[in-house]
Amino acid sequence: MDTSANELKEKYITRGAAFVRMNRTAEGMRCFREALRHGDDYRVYYTIGSVFYKQGKFKKAVLELEKSRRLNDGFGPADLLLGLSFNRLGNYRAAEASFLRALDLMTENRVALMGLAVLYYDTGRPEKALECIDRLRIHDIKNMNLRKFRADILYRLRKLDESAEEFKELALEKDRFRSYTDLARAIPKDVYTDKYGTLAKKISALESSHEKSREQLVALSLCYLLGGDSGRAIDCLFGARKLLLN
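Heads up, the sequence shown is in the working numbering, so the first residue is 854 and it goes up one at a time.
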């Protein structure tokens, strides 16, 4: 490509990017197509694919992103966006392959790891999902969303003791973690708002049972929750879950 053609292509790319930033997408796309008349460019195909992805046109996004990857197989963002596009299309095998390629090129990329974690979780591979989440937590151990997702994965793996510990730690962050409270509120109030004695007496009576039933553990969980002991409430709730699984 001669210098003048390359300069012209770059001008169209710059102009197209400016139009896209101003939400004048149609004009931007015309500029990108015009740029391609002066020579293939992986950046242009990637940008067009990005626009299609944002518009929810995932099949068109894949076509453009594949062109970008073929021109430059070392350009990780194209693989990353391919993974997201394939995932939206339900092509999980292609999505997984794309995310893994992205990770080969961009080690520990957070979007690729989270994309894989969700994909593995949704396709019944919680062990692999947990591996991805634990890799993410190395760099962001206090992230509440990651911790919540990790607790859910542990629960699905039936690692109930570990899951309960994670939920108890999360419950300490009351202003930011509402899942357990929401769960308790969803349980019918007549389970624990009867007329028999104080909350302390109810707890004492339930705790005195040598072998507690699932129903007793659920009732205990609610009593402890109302009493402000969220840690013990979670222990009882997970104890009830264990009985259900056995």
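Virtual Cβ for every residue (Gly too), placed ideally from N, Cα, C.
Since we're looking at a predicted model, the values are computed, not measured.
| query | When DSSP labels each residue in this structure, what does S857 get in the three-state scheme? | reply | In the three-state reduction of the DSSP assignment, S857 falls in the helix class, which pools H, G and I.
| Euclidean distance between Cα positions of L1070 and L1090 | Roughly 6 Å between the two C-alpha positions.
| Candidates P979, E980, K864, L999: which alpha carbon is nearest V964's? | The residue with the shortest Cα to Cα distance from V964 is L999.
| task | Would you kindly work out how many angstroms separate the C-alpha atoms of R1011 and A970, rounded to a whole number? | result | Near 18 Å, if we compare the C-alpha coordinates of A970 and R1011.
| query | At which residue ranges does the segment 937-970 contain complete alpha helix (DSSP H) runs of 4 or more residues, listed in the order of the chain? | reply | Taken in chain order, the complete alpha helix (DSSP H) segments of 4 or more residues contained in the segment 937-970 are 945-958.
| At what residue ranges does the segment 970-1025 contain a whole run of the alpha helix (DSSP H), taking only runs of 4 or more? | For the segment 970-1025, whole alpha helix (DSSP H) runs of length 4 or above, ordered along the chain, are 979-990, 997-1009, 1013-1024.
| message | DSSP three-state label for F928, please. | response | For F928, the three-state secondary structure derived from DSSP is coil.
| said: For Y845 and K862, which I take to be in contact (beta-carbon distance under 8 Å), what is that distance rounded to the nearest angstrom? | reply: Since the first residue shown for the chain is 854 and the last is 1099, residue 845 is missing from the structure and cannot be characterised.
| task | Determine the DSSP secondary structure at G881, reduced to helix, strand or coil. | result | Helix.
| Cβ-Cβ separation, G902 to A914 (assumed contact under 8 Å), whole Å | Contact holds; Cβ gap of about 5 Å.
| request: List the endpoints of the continuous alpha helix (DSSP H) containing R1094. | output: In the DSSP assignment, R1094 falls within the alpha helix (DSSP H) that extends over 1083-1098.
| request: Assign S1074 to one of two classes, buried (16 or more other C-beta atoms within 10 Å of its C-beta) or exposed (fewer than that). | output: So S1074 ends up on the buried side.
| Leaving out five residues before and five after H891 in sequence, what residues of the same chain have Cβ atoms less than 6 Å from its Cβ? | If you ignore the 5 residues before and after H891, its C-beta comes within less than 6 Å of the C-beta of A858, L861, K862, all in its own chain and listed in chain order.
| request: Starting from the C-beta of P979, find all residues in its chain whose C-beta is less than 6 Å away, skip the five residues before and the five after it, and write them out in chain order. | output: I1006, R1009, L1010.
| field | CB of R941 within 9 Å of CB of A931, strictly | value | With respect to A931, R941 sits apart: the two C-beta atoms are not nearer than 9 Å.
| Endpoints, the alpha helix (DSSP H) within which G902 is located | Per DSSP, G902 belongs to the alpha helix (DSSP H) from 895-907.
| Under 9 Å between C-beta atoms of L1078 and A1086 | The beta carbons of L1078 and A1086 sit closer together than 9 Å.
| Alpha carbon to alpha carbon, how far is E917 from F905? | Per the coordinates, the alpha-carbon of E917 lies some 9 Å from the alpha-carbon of F905.
| task | Spatial neighbours of T938 within its chain, please: CB distance less than 7 Å, with the 5 preceding and 5 following residues excluded, ordered by chain position. | result | The sequence shown places Ser at residue 938, not Thr. Only Y906, F911, A914, V915, L918 meet the Cβ criterion.
| Going by C-alpha distance, which of Y895, D894, T900, D893 is nearest G881? | Of the candidates Y895, D894, T900, D893, the one whose C-alpha sits nearest the C-alpha of G881 is T900.
| Any idea if L953 is buried or exposed, counting beta-carbon neighbours within 10 angstroms, 16 or more meaning buried? | L953 counts as exposed, since fewer than 16 other beta carbons sit within 10 angstroms of its beta carbon.
| said: Are the CB atoms of A1024 and G927 within a distance shorter than 9 Å? | reply: In this structure, G927 sits away from A1024, with a CB-CB distance that is not shorter than 9 Å.
| task | Consult DSSP for R890 and reduce its assignment to one of helix, strand or coil. | result | Coil, per DSSP.
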